[in-house]
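For the protein sequence lines, the chains are A and B, in the order given. Taking this note's numbering, I'd label the letters of the first sequence as residues 4 to 325. Taking this note's numbering, I'd label the letters of the second sequence as residues 4 to 325. Positions of the beta carbon are idealized from the N, C-alpha and C atoms, including for glycine.
2 protein chains.
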Amino acid sequence: MNLSKIKEPVEEELKTFQKRFSSELSSKVALIDLITKYILKQKGKKVRPMLVLLCAKMCGQINDRTYTAAIMIELLHTATLIHDDVVDNAKTRRGLASINAVWKSKVAVLMGDFLLSKGLLVSLDKNEFGFLKITSEAVKKMSEGELLQIQKARNFDATEETYFQVIKNKTASLFQACCVLGGSSVVNNKDELNALSSFGENLGIAFQLRDDLLDYTGRKKLLGKSTGNDLKEKKFTLPLIKALETAPKKESSHIMKLIKNERESNFETVFDFINNHGGLDYTIDKINEYSIKAIRQLERFPTSESKSSLKKLVSFISDREY
Amino acid sequence: MNLSKIKEPVEEELKTFQKRFSSELSSKVALIDLITKYILKQKGKKVRPMLVLLCAKMCGQINDRTYTAAIMIELLHTATLIHDDVVDNAKTRRGLASINAVWKSKVAVLMGDFLLSKGLLVSLDKNEFGFLKITSEAVKKMSEGELLQIQKARNFDATEETYFQVIKNKTASLFQACCVLGGSSVVNNKDELNALSSFGENLGIAFQLRDDLLDYTGRKKLLGKSTGNDLKEKKFTLPLIKALETAPKKESSHIMKLIKNERESNFETVFDFINNHGGLDYTIDKINEYSIKAIRQLERFPTSESKSSLKKLVSFISDREY
Numbered sequence: 004m005n006l007s008k009i010k011e012p013v014e015e016e017l018k019t020f021q022k023r024f025s026s027e028l029s030s031k032v033a034l035i036d037l038i039t040k041y042i043l044k045q046k047g048k049k050v051r052p053m054l055v056l057l058c059a060k061m062c063g064q065i066n067d068r069t070y071t072a073a074i075m076i077e078l079l080h081t082a083t084l085i086h087d088d089v090v091d092n093a094k095t096r097r098g099l100a101s102i103n104a105v106w107k108s109k110v111a112v113l114m115g116d117f118l119l120s121k122g123l124l125v126s127l128d129k130n131e132f133g134f135l136k137i138t139s140e141a142v143k144k145m146s147e148g149e150l151l152q153i154q155k156a157r158n159f160d161a162t163e164e165t166y167f168q169v170i171k172n173k174t175a176s177l178f179q180a181c182c183v184l185g186g187s188s189v190v191n192n193k194d195e196l197n198a199l200s201s202f203g204e205n206l207g208i209a210f211q212l213r214d215d216l217l218d219y220t221g222r223k224k225l226l227g228k229s230t231g232n233d234l235k236e237k238k239f240t241l242p243l244i245k246a247l248e249t250a251p252k253k254e255s256s257h258i259m260k261l262i263k264n265e266r267e268s269n270f271e272t273v274f275d276f277i278n279n280h281g282g283l284d285y286t287i288d289k290i291n292e293y294s295i296k297a298i299r300q301l302e303r304f305p306t307s308e309s310k311s312s313l314k315k316l317v318s319f320i321s322d323r324e325y
Numbered sequence: 004m005n006l007s008k009i010k011e012p013v014e015e016e017l018k019t020f021q022k023r024f025s026s027e028l029s030s031k032v033a034l035i036d037l038i039t040k041y042i043l044k045q046k047g048k049k050v051r052p053m054l055v056l057l058c059a060k061m062c063g064q065i066n067d068r069t070y071t072a073a074i075m076i077e078l079l080h081t082a083t084l085i086h087d088d089v090v091d092n093a094k095t096r097r098g099l100a101s102i103n104a105v106w107k108s109k110v111a112v113l114m115g116d117f118l119l120s121k122g123l124l125v126s127l128d129k130n131e132f133g134f135l136k137i138t139s140e141a142v143k144k145m146s147e148g149e150l151l152q153i154q155k156a157r158n159f160d161a162t163e164e165t166y167f168q169v170i171k172n173k174t175a176s177l178f179q180a181c182c183v184l185g186g187s188s189v190v191n192n193k194d195e196l197n198a199l200s201s202f203g204e205n206l207g208i209a210f211q212l213r214d215d216l217l218d219y220t221g222r223k224k225l226l227g228k229s230t231g232n233d234l235k236e237k238k239f240t241l242p243l244i245k246a247l248e249t250a251p252k253k254e255s256s257h258i259m260k261l262i263k264n265e266r267e268s269n270f271e272t273v274f275d276f277i278n279n280h281g282g283l284d285y286t287i288d289k290i291n292e293y294s295i296k297a298i299r300q301l302e303r304f305p306t307s308e309s310k311s312s313l314k315k316l317v318s319f320i321s322d323r324e325y
């Protein structure tokens, strides 16, 4: 399964999207123009605009409103990635040096704010207030989710319940917004939009579960992602939470002590602990569970190439190696 | 002249504002609640909400829409201050430790994003799309202005013209938004709103000119602002720009060399250079010029306590020592 196959039903529309997105990014300030050109070179997977376009096409005909939605979402997503890199002091993004690495943090934070306001203005200019509300709610949830995760990490307090609360907010809310916006650019049917909302949320949960699994099992890939970051930041993700819950108390408290001591060399020990106590298997089960839930939401839509691509996207996301 | 005198005509309304603002900030995420309580302790001068309220009251009766505008503006302003402190690695804000100093940068960036989205949602919930457009434009201009300033600093390129372009965008645009929002919450008269827009812009320019002057002449005050920061960051502000333009070429290039070499001990030399070549006097003249422009815009409004307070606010802002 690869993304270019999944993209096929909206290949032309993605090109139109890309053109409009690039022209949205231009500015009369030379430094902004320079940085946006650089951003356009950092070619991401474009999962979110693809999701907007596929959901719209599954419901009917892609139109001007669909592009507005896709551009707004991609602007906001790009803004949050730039802020993330500042915050994590990340040196690379999408195979190229990060904005903060090239232009320093100050420029990166400002650039993120600029793209955020651009994203808002795109929908305000088109009087798409409904779109804006959906997206602002998503942005709010994203920061709430991240802050909740940090709060829990600092208290060494994590349960499966709060974990799912965190990932629903920080990741699934934007996927959900993509699907609802794509659909509502074309139809106004409440049941269909609810199905899309649930599809997006379950897909987003599967996406983040896979991400958190790969942080333990993935090897360093071309894209520059490495393993063990969550442990370093004391983020308790599902593999670890489950193992801590399943293992004998004594063993769990030993591992907790190791994590609090934060020696880097602990990764192998923690990995073995998680593996031995079913943390990885349980996470894979959950990825499958949420993937199935997502796909089930598509049943109500008539057969189409876009629908079949959305199904493939679920598999792609839940099997991906990067 | 002091602020509590200026506040008098809207004293009660500022209390109502403060109550509503506090309740807007509450969240079910404990960490967010903790930080917002801390933010409420960092008592700022509240110049911007005061400006919204005074402009509204000068035009008519303060109402629910006025409070929405004031809350939105204060949320966005607080968000940008938090991001500024991350970017400048500032340790204090309003006499207390900064958010990034207490909770680290990651939390501060996320908290800024959270407050930004809250600010948007406040106006979306009330269907105040016009307010939102005015404010998003201002936020976009603020980041554009800051980025333009950085671009110019990196090229050691500064003219009086670009300086005014920078400060109009980065500072005056939000003052302008405050005045227009305050007025338009009450009246719909184009001429009055244009006058308020121009009042706010000129006031904002005077405010930033004074800020830039104080960066050379101000002594370290209770509020913790210190001098020489602009020079350290190679920001060319009006006092320096004017002196470089006025002084004999040879002297100017000597000073430029000193600045490029970035020795901290250069501050005294640069200060004397600016003072000897009229940079400080010229800046003071400009502050007066823009203050008078601002006050002239108020002529069309009938006599009232609020109007007289707005006039006093202009004097306060252009004479302030911190």
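| Query | Result |
| --- | --- |
| Determine, using beta carbons only, whether Q179 (chain B) comes closer than 8 Å to chain A. | no |
| Between the C-alpha atoms of S321 (chain B) and L217 (chain B), what's the straight-line distance to the nearest angstrom? | 11 Å |
| Whose Cβ in chain A lies nearer than 8 Å to the Cβ of V110 (chain B)? | L150, I153 |
| What residues of chain A sit near A104 (chain B), judged by a beta carbon separation below 9 Å? | What A104 (chain B) touches in chain A: nothing, since even the nearest Cβ is about 15 Å away. |
| Answer with buried or exposed for T162 (chain A), where buried requires no fewer than 16 other C-beta atoms within 10 angstroms of its C-beta. | exposed |
| Can you give, in chain order, each stretch of the alpha helix (DSSP H) that sits fully within the region 151 to 237 of chain A and has at least 4 residues? | 163 to 170, 176 to 187, 193 to 220, 232 to 235 |
| Under a three-way DSSP split, which group does R96 (chain B) fall into? | strand |
| With a CB to CB cut of under 7 Å and the five nearest residues on each side skipped, what residues in its chain are close to S126 (chain B)? | T71, M75, F134, L135 |
| Using a threshold of 8 Å, state whether the C-beta atoms of V55 (chain B) and L184 (chain B) are closer than that. | yes |
| Answer with yes or no whether the minimum CB distance from K136 (chain B) to chain C is below 8 Å. | The structure shown contains no chain C; its protein chains are A and B. |
| Identify the contact partners of F117 (chain B) in chain A, using a Cβ-Cβ distance below 8 Å as the criterion. | K143, S146, E147, L150 |
| With 7 Å as the limit, tell me which residues of the region 85 to 105 of chain A have their beta carbon closer than that to any beta carbon of chain B; keep them in chain order. | H86, V89, V90 |
| Check whether the Cβ of S188 (chain B) lies closer than 8 Å to any Cβ atom in chain A. | no |
| Alpha carbon to alpha carbon, how far is H210 (chain B) from G115 (chain A)? | According to the sequence shown, residue 210 (chain B) is Phe rather than His. Roughly 26 Å between the two C-alpha positions. |
| Distance, Cα to Cα, S101 (chain A) vs R213 (chain A)? | 24 Å |
| Name the two residues that bound the continuous alpha helix (DSSP H) containing T81 (chain A). | 67 to 91 |
| Which residues bound the alpha helix (DSSP H) around A33 (chain B)? | 33 to 44 |
| If you count every other CB in all the chains shown that lies within 10 Å of the CB of D284 (chain B), and 16 or more means buried, which is it? | exposed |
| Measuring alpha carbon to alpha carbon, tell me which of B:E236, B:K18, B:M53, B:Y41 ends up nearest I85 (chain B). | B:Y41 |
| Quick check on F132 (chain A) - is its C-beta less than 8 Å from some C-beta in chain B? | yes |
| Output, in sequence order along the chain, the residues in the region 21 to 49 of chain A whose CB is closer than 9 Å to any CB in chain B. | S30, K31, V32, A33, L34, I35, L37, I38 |
| Check each candidate in A:D87, A:V273, A:T249, A:A93 and name the one with the smallest Cα separation from V340 (chain B). | Residue 340 (chain B) falls outside the range modelled here, since chain B spans only 4 to 325, and no answer is possible. |
| Residues in the same chain with beta-carbon distance under 7 Å from G282 (chain B), minus the five sequence neighbours each way, listed in chain order, please. | P242, L243, K245, A246 |
| Which residues bound the alpha helix (DSSP H) around H257 (chain B)? | 252 to 264 |
| What are the boundary residues of the alpha helix (DSSP H) that includes R23 (chain A)? | 14 to 28 |
| Could you check the C-alpha separation between K260 (chain B) and C62 (chain B) for me, to the nearest Å? | 52 Å |
| Is the beta carbon of V110 (chain B) closer than 8 Å to that of I153 (chain A)? | yes |
| If I measure Cβ to Cβ from K121 (chain A) and keep anything under 6 Å in the same chain, skipping five residues before and after, which residues do I get? | L78 |
| When the Cα of C182 (chain A) is compared with those of A:N172, A:F159, A:K155, A:I137, which residue comes out closest? | A:I137 |
| For S188 (chain B) and I65 (chain B), I'd like the C-alpha separation in whole angstroms. | 8 Å |
| Kindly indicate if chain A contains any beta-carbon less than 8 Å away from that of L316 (chain B). | no |
| Quick one: which residues of the region 55 to 78 of chain B get their C-beta closer than 8 Å to a C-beta of chain A? List them in chain order. | none |
| Let me see if you follow: with CB-CB separation under 8 Å, is S176 (chain A) close to chain B or not? | no |
| Establish whether the CB of K237 (chain A) and some CB of chain B are separated by less than 8 Å. | no |
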